[in-house]
Amino acid sequence: MATMTQTPARREPHGFFTDTTVCIGCKACEVACKQWNQLASETGGQQPLSGDSYDNTQRLDGMNWRHVKFIEQFSADPQRTQQSRWLMMSDVCKHCVRAGCIEVCPTGAIIRTEFDTVVIQADTCNGCRACISACPFGVIDINENAKVAQKCTLCYDRTTIGEQPACSKACPTASIQYGPLNGPNGLKAKAQERVQQLKEQGVDQAQLYGADDKIVGGLNSFYLLVDRPQVYGLPENPQLPSRNLGPSSALTTVGAAVMGLLGLVSLRKKRMDHFAGQPADRER
Amino acid sequence: MAECHPVAFRWIMQAKLKGAKLIHVDPRFTRTSALANTYAPIRAGTDIAFLGGIINYVINSKRWNEEPFFKEYVVNYTNAATIIEESFKDTEDDEAAGRFSGLAQYTGDPLNGFVGQYDNKTWQYKGTQATDQGRTGSTGQSGEQGVQSGNEDTNLPEVPKGPPYDELVKSLLKPPAQLDTTLKDPNCVFQLVKTHFSRYTPEMVQEITGCPKEKFIEVAETLLQNSGPDKTSSFAYALGWTQHTYGPQMISCCALLQLLLGNMGRPGGGILALRGHATIQGSTDIPTLYHSIHGYMPHPSAAKGKKHDSLNDYLTAETLAKSYWSNMPKFMVSYLKSMYGEAATKENDFGYDWHPKITGDHSHMPMFLQMMDGKVEGMFCMGQNPAVGGQNARLQRKALSKLKWLVVKDNFEIETAVFWKKGSPEVEAGELRPEDIQTEVFFFPSNQVAEMDGSYTNTQRLAQWHNKAAEAPGDCRSDMWFTYQLGKRLKALYANSTAPRDEGIKNLVWDYEIDDETAKLRDAELQITGADDAAKHEEEPEGEPDIRKIVREINGYQSADKTKHLANFAELKDDGSTTCASWIYSGIYPAPGKLIMNNRDADPALSDAGKPTLGWGFAWPANRRILYNRASARPDGTPWSEQKKLVYFDPNLTVDPVTKLPYTDLKTGEPIKGAWVGDDVPDFVKNKKPDYQPPEGATGLDAHPGTAPFIMKFDGKGWLFAPTGLVDGPLPTHYEPVETPIKQNRLYPQQLHSPVYKRWERDDNQYAAPGDPQYPHVMTTYRLTEHHLSGVMSRWLPWLAELQPELFVEIGEELANDLGIGNTDMVRVSTPRGSIEAKALVTRRIRPLTIKDGDTDKTVHHVGMPWHWGWQGLARGSVVNDLSSLVGDPNVAIHEAKAFVCNVEKA
Amino acid sequence: MTLSVSRRDFLRLGGGITAGTALAGLAGTGADLGPVTVRAQESRIKDVKPFRSVCPYCAVGCGLLVYTEKGADGKNKIIDIEGDYESPINRGTLCPKGAATFQLHVNPNRVTKVLHRKPGATEWEVMGLEDAMNRVVQLTKETRDRTFVEKNEAGIPVNNSLSIFSLGGATMDNEWNHIQQKLMRGLGVVAIENQARI
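Chains as they are written, first to last, in the working numbering: chain G, 120 to 403; chain W, 121 to 1027; chain Z, 260 to 457.
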C-alpha cells in the first residue's frame, strides 16, 4: 500500500483523558491495543503469577503500550471500615508537551504528529535506547521483535482515517476517552466537570494529573486520580533529561509527520536548526 | 458484573454517572465491588436469608405501607390476594422443623438422587388446583417425582381426540381462585409471605450471612427508596445465585421481592440473568437439554407421575385452559410436523409415538455417574469441556475412560479430548494407563464465529445473526456441517429399514441441502446489513447445510408450501397445516430474504436514552424487549409516571401506528377503538381494554381480565407464592449449603439443608459433614474477566493467557497469617473429592465474617478460586472442579460449586 | 499492505515455548513483528467494509466488525476484529475477550486436521475427514441399535437409547442446536445436555 507523501494539515491537539474512577480493570484496552498494533505477548502467554493484585503484565514497555494498574487499599480492621478501595488505572504514554524522548532522539525517529501526539517511527529508530532513559514515566522500551524502541502511537494509523484509538474505542466504561483536548467540549473541560461532580459527592481527593502545564508542560494523555499520583506510580514532579533545553514542542513540525525520506531529512534539518538555537516552529 | 460482563456493566456505569446507586452483594470484594456505591459482604450461599430480610424490611416499612403505588401493584398484578388451602403448613408453623406440608420419602429411582420429595396438594389455591405448566427449566417435574404439575386431575371428562383441540382445552377449565383484596385473610398469600419472613430480621440476617446489619439496612433502604411509580430498581445475578442446592429458590426469592416493590414488567426493573455463553439462552430455548423440547414444552416422559402415553394424554397433562399456554396443542402439533413432516398425520397423532420419551433424570451429573458405571457407550462433546468444567472433574475424566467412543469437536486440543493422554492428572498419577483405556476418540476441528453464518441468542433473548467473513483452515468444518452430515449418512443407512423402531429416524425431515435459492437470499441479506459487497461470501465447503432452511424450520411455514413462512406464532394451527419447530422463535424469519435476526436498523441514540431498539436483531417473543410490560402501566392503562412510561393503553386509537391498518374485531370485522402502544412491543392482547372482564367459560387469554399482565400464568398474576412449578417449596426458605461450616441452621434448628435436594453419595463422590473441622473454610468458585469458563476460548490465546497466566487461590490476609501462607506461596487445597495445588493470592479484599452457629459466634474465612485452568493450553493450572461435588438442586439439577468447604495448607 | 498480519510467522518468545502444530506443541503466538513501519503505512482498514458479526464469548452479545482482505489465494483473510459502534449493546466497546476474537481465529495452536485415537493408543493419529465421519456414523448406529428400548414395562412406547450422550450447545449456533437436538431425538437419544445446567 502506498506510503503517504502528503503533508497532513495541523489538527487540534488530541489526546486521552483517563478517568480512573470508572475503570473496572478489565484490560480490554491492553488487548485491543495488542490486536490493532499486532503486538506479541512477551512471554507467549506463559509466565508466573505476579502476585501483584490482578496485574500480571506489570509495566509499559515496547510490547505493552497500555497497562492497567491495580492498587488495593483496605484498612487494618476486620470489616475494612475505614477504607475499602480497589483502585484501577489504565496507563499509557503521556504524549508530553515537552517530550524528553523527542529531545534526546539522535536519529529524529521520534516526531510530533499533526494531532500533537508523539510517535516513534520504527524504521528510523536505531535502537540506541536514549529515549528509554529520557522518559520520566518509564513508558518506552525496546520491542524485542522489532529491535527498536516502541510505545503507544496514539493509534496514528486509526486517527488519520477518523477512527478513534483502539483502546479508547474498546473501553466499556469510557474510562479512556479520546478527543480534542481544548475548547468548551474538549477533554480538559469534561475532566474539570467530572472532578467537580466527584467533589460534590464527597470525593475530596479527586484531582487531575497532567491537565495543566505543571507536569512537563502538560500531558496530552492526562488522568483523573483519587489519591496522590505516587499511589498510582506516577511521579509527582517528573524531571526531563538534563539535555533538555526547552519545550519539545519547539521541534514540532507538522511536516515531520509525513513519512519517507523527505520527511526524515526535513526533520533532521529542524533538529539541527534547533541545536543551532533557531527553533523552527514556535507556533504552538 | 464488572468481572464477567464488562460491557453490560458499561450501562450500569452510565446509570451511576447519572445518579443511580449501585449495590454489590458478594462474599468477595471484586472489580464490581470496587465500583459500587455500597458493598455488602455475605457468606456464600446465604442469599435467601439476605433477600428474605429485605422482604421482611420492605413489608414492614413506612414507605411501603404509605405509598399507594405498592399496594395497587401488588393487589392487582400479583397473587398476594389469593387464598391458599387451609391445610397448607408453612416452615414457620413449626419453627424447629422448618418444612412445608407434604414432605415424604422419595421412592423413585436412586439415580435421580432426591433425598426427599414434597407432595404439593396442600400448596394449592383454595378450591382450585393451581395448574400451571410449572415446568420451564424444571427437571424435577419431568416425572421423576410424584409432585403435581400440569393437570393431574383424574376425574377429567373424556374428550374427543383432536384436532381440533378446542374441546380438550375447555375441558381443563377450573373454578376461579378466591381472593381477599384487603390482604387481611390469614390464608391469603400476602399474610403467608409476611409470616414466612417475619423472623428474617436485620439481626438474623447478620447472624446467618455475616453482613453487618447496618450495611444490610443500607441496602434494603436504598432499594425501597428507589422503587415506586417514578423509580425502578433492578437485580442482576449470575451463577453466584444459581449454583446452589436451592438455586431456583434464590431467583424465586428475588422475584418475590421485585413483585412486592413493583419492579417487574417495568423499564429499569426486573431480574437480569447474566449468562455466560454466547447462546446459552438460545440453547435453552432451542433446547439441547434433556427435559424440554422447543419453546419450553416439557419433553414427553414415561417416568413416574407423568401421563404422556399418547398425544392426547400429553396435551391433557400440559395444556392450560387459561393463559397463552392454552395454545399448547398448536405448538406441539406444529413441532411434531417439523420433526416428521408429511409422515406426521392426524391419524398417527403426528408421529407422537415415534418421539422418544425420557424415563428419569438424564441431566449432566447422573449421566456422568452412569458413564462411570459403564452404562454409557458413546458421547458427542461439542463445544464443552467437562474435564475442566464438570463438577468432581476427576470423576468425570475417569468416566470418559469407560466410554467406547467419544467425539470431541472444538477449536483447540482441549482437556476432554486428551483425558487419556500423558499430561492428564490421572495418567500422570498412574490411576489410568493409556494402554488400558479402550475409548476410541475423535477430535473434529471447528470453525470459529467469523468463519460461518449463524445466530446467537444473548442473555436478553435477543437473537443476532453473524455473517461468514472468511474460510476456516484445513479440515475445520462448521458444527452444522458435522451434524448435518452425521444425520444424512445415518438416514441413508436406515432408509430401507422396515423395523418400527426406525420409523422415527426414517421419517425425520432432514432436508437442508444448499440450492440456488440459498446464495441469492444470503447476498440479499448481506446487502441489508451493510457488509462489504465486494467481499462476498466464500463458497461454502462441500456438504454444508443451507442454514436458511434450518432457520425457516425454526420459524415455521405453511405445511403445504415451505416458501410461505409464518409471520408469527399467532398463525399456528393445531391440525398439522402449519410446521414450526419453535413457537417462541416464530417471526424471526417471516418471509424469504427477511432474516430479522440480521436487522441492524437501530438509532444508537435510543440505547443511550435507555429505550428499546426494536430495529436491532430479534428478541423472542414477537421482538418484545421487556416481558410482561403491561405492568408498566397502572391497572387503568395509564403510565405509572412520565419517567417510567413504556407501554400504555390509548383509548382513542383506531389505527395501528406500526402497520397503519385500522383495528378491527377479529370475529366480527367491526372497527375497534383503543389499543396498547408504547416504545416496546406490548406484551398484551393489543385491543384488550383495561376494564375487560372475562365471560364465564372463556379460555386462553380471553379468560384473563384487562389487568392481568402475566399472560403465561393461568391466573395472569405474578406469583409471590408458587403453588406449583418448584418442587422444593412454594416460598423461598433459608437452608444451608450441603457442605457448610456450621452445624445448625440458625432459623430451623432441625432442618439444616433443603429436605429435597439431590445427593449422590458414593466412594468417588463424598461430602464433608456439616461443620467438619477437617474442612473449616468456605470455598467459592468464580470466573475472571480475562478468561472464559473452562478456558477453551482463552487459555490458548497469548493475549488473554498473559493477563491471568496461572491458577490462584484468593485468601484473606487474616487466614493467610493464621496458616503462615505468604503471597504467591504454593498451597494445597483439599476437599473430600480431591486435592490440588495453586499459588496463594493473599489479599485484604477477602475479609473474615462473624456468624452464629446455633448460639455460638463463629468466624468464617472464605477461600476463592477461579476455575478457568487445566493442563492444556498456554496458561495452565490445576482443575479447580476436582474439588467440587456432584450434588444437585431438585428443580433443575444444578450443582453447588458456589458454596462448599475445603482445607488449605502450605504445600 | 506491508502489515504484519500478512507475515504471520510467530515467534518463539521465552517461556520455553516451541512453535509448531497442535500435534507438536503450542506456539506463543500473538503476532509477529511489531508495527515496524507503522508510520509509513495507511490504516489497514481504510476503505474496507467489514462483515457484521457477534462476539462468541459471553451472553451479552456485543456486535463485532470483521475486517478482511483478499489473500494471495484469493480468499478472505481476517485482518482486524473490533466492536460495532452501531450496536445498541456495546456501542463499539469490547471486553478483553471480545477484543481478542481475532486471536481466536488467527492462531497457530488451532487444530486443522481430524485427530483419531485408537483404543489403547498413547498418541493421536491424523485421520481423513471422510473416514472419520463414516467411522462415527458406524459407531453411532451400532450403539443406538444395540441399546434401543421400544417400550417400557407398562407397554408404553419410549423409543429411546440411554447409551449415547450429547453434550454441548451453549457456545454453538442456534441453528446447530436445532439440528443436533432434532437428530438426537430422531435417533431416540434423550440424554442431551449443555452448559445451562453447570
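We put the CB at the ideal spot given by N, CA and C, even for glycine.
>> Closer than 8 Å is the cut-off here; do at least three beta carbon pairs connect the stretch 937–950 of chain W with the stretch 856–876 of chain W?
In response: no
>> If you reduce the DSSP assignment to three classes, tell me which class Met717(W) lands in.
In response: helix
> So with Cβ pairs under 7 Å, would you call Ser302(Z) a contact of chain G?
Replying inline: yes
> With a Cβ-Cβ cutoff of 7 Å, do Leu171(W) and Leu394(W) count as a contact?
Replying inline: no
> In or out: Ala398(W) buried (at least 16 other Cβ within 10 Å) or exposed?
Replying inline: Buried, by the Cβ-count rule.
> Is the Cβ of Leu923(W) closer than 7 Å to any Cβ of chain G?
Replying inline: So, interface residue.
>> Suppose contacts are defined by Cβ-Cβ distances below 7 Å. Is Arg517(W) in contact with Phe539(W) by that definition?
In response: yes
> For Asn183(G), does the three-state DSSP call read helix, strand or coil?
Replying inline: coil
>> Let me check understanding here. Comparing Cα to Cα, which of Lys477(W), Val313(W), Phe563(W) and Met485(W) lies closest to Ile457(Z)?
In response: Scanning Lys477(W), Val313(W), Phe563(W) and Met485(W) for the CA closest to the CA of Ile457(Z) turns up Met485(W).
>> Quick check on Ala281(Z): buried or exposed, where buried means 16 or more other Cβ atoms within 10 Å of its Cβ?
In response: Note on Ala281(Z): pLDDT 36, under 50, position unreliable in the model; no value is reported.
> Straight-line CA distance for Trp919(W) to Lys153(G)?
Replying inline: 7 Å
> Of all the CB atoms in chain Z, is at least one closer than 7 Å to the CB of Val127(W)?
Replying inline: The beta-carbon of Val127(W) is placed less than 7 Å from the nearest beta-carbon of chain Z.
>> Just to confirm the assignment: which complete beta strand (DSSP E) runs, minimum length 3, are found wholly within the stretch 931–1012 of chain W?
In response: 946–950, 955–963, 969–973, 976–980 and 982–986
> If you follow the beta strand (DSSP E) that Leu168(G) is part of, which residue opens it and which one closes it?
Replying inline: Careful: Leu168(G) lies outside any beta strand (DSSP E) and carries neither H nor E.
> Any idea what DSSP makes of Gln192(G), helix, strand or coil?
Replying inline: Looking at Gln192(G) - three-state DSSP - the assignment turns out to be strand.
> Taking a cut of 9 Å between CB atoms, which residues from the stretch 128–150 of chain G lie near chain W?
Replying inline: Thr140, Val141, Cys142, Ile143, Gly144, Cys145, Lys146, Ala147, Glu149 and Val150
> chain G beta carbons: is any one of them nearer than 7 Å to that of Gly351(Z)?
Replying inline: yes
> So which residues on chain W does Lys416(G) lean against when the C-beta distance must stay under 7 Å?
Replying inline: The structure shown has nothing for residue 416(G), since chain G only spans 120 to 403.
>> Check whether chain G comes within 7 Å of Cys354(Z), counting only Cβ atoms and requiring the distance to be less than that.
In response: yes
>> For the structure I just gave you, are there three or more beta carbon pairs, one from the stretch 304–318 of chain W and one from the stretch 173–186 of chain W, closer than 8 Å?
In response: yes
> Hey, how far is the Cα of Thr122(G) from the Cα of Thr362(W)?
Replying inline: Note that Thr122(G) scores 41 on pLDDT, short of 50, meaning its location in the model is unreliable; the coordinates nonetheless yield the value given after this. Cα to Cα, Thr122(G) sits roughly 56 Å from Thr362(W).
> So with Cβ pairs under 7 Å, would you call Pro291(G) a contact of chain Z?
Replying inline: yes
>> To test your reading of the DSSP string, which unbroken beta strand (DSSP E) runs of 3 or more residues are found completely within the stretch 417–456 of chain Z?
In response: 448–452
> What's the C-alpha gap between Glu930(W) and Leu961(W)?
Replying inline: Each residue's alpha carbon lies about 5 Å from the other.
> Name the chain G residues that come within less than 9 Å of Leu1077(W), Cβ to Cβ?
Replying inline: Since the first and last residues shown for chain W are 121 and 1027, residue 1077(W) lies out of range.
> Rounded to whole angstroms, how far is the Cβ of Glu497(W) from the Cβ of Ser422(Z), which I believe are closer than 8 Å?
Replying inline: 4 Å
>> Can you give me the C-alpha to C-alpha distance between Trp205(G) and Ile230(G), rounded to a whole angstrom?
In response: Their Cα atoms are separated by approximately 37 Å.
> In chain order, what residues of the stretch 992–1005 of chain W put their CB closer than 7 Å to some CB of chain G?
Replying inline: Leu994 and Ala995
> Just checking my contact of Gly322(Z) with Asn366(Z) at CB under 8 Å: how many whole Å lie between their CB atoms?
Replying inline: Between Asn366(Z) and Gly322(Z) the Cβ distance is about 22 Å, and since that is not below 8 Å, they are no contact.
>> Applying the 10 Å Cβ sphere with the 16-neighbour rule, what's the burial state of Lys529(W)?
In response: buried
> So the alpha helix (DSSP H) Tyr604(W) belongs to, where does it begin and stop?
Replying inline: Annotation for Tyr604(W): the continuous alpha helix (DSSP H) segment containing it runs Asp599 to Tyr614.
>> Cutting at 6 Å between CB atoms, please list the residues of its own chain near Leu380(G), excluding the five before and the five after it.
In response: Its pLDDT being 31, under 50, Leu380(G) is placed unreliably in this model, and the value from its coordinates should be taken loosely. Once the five neighbours on either side are set aside, Leu380(G) has no close Cβ partner at all.
> From what residue to what residue does the alpha helix (DSSP H) around Pro545(W) run?
Replying inline: Looking at the DSSP string, the run of the alpha helix (DSSP H) that includes Pro545(W) is Pro545 to Glu548.
> Between Trp987(W) and the rest of its own chain, which residues show a CB-CB distance below 8 Å, the 5 nearest in sequence each way excluded?
Replying inline: Val508, Gly509, Thr901, Tyr902, Arg903, Ser910, Val999, Val1000, Asn1001 and Ala1017
> Given Val195(W), which residues of its chain have a CB within under 8 Å of its CB, disregarding the five upstream and five downstream residues?
Replying inline: Ala201, Thr301 and Leu303
>> List, from N- to C-terminal side, the alpha helix (DSSP H) runs of 4 residues or more that fit wholly inside the stretch 235–282 of chain G.
In response: 249–253 and 275–278, all fully within the stretch 235–282 of chain G.
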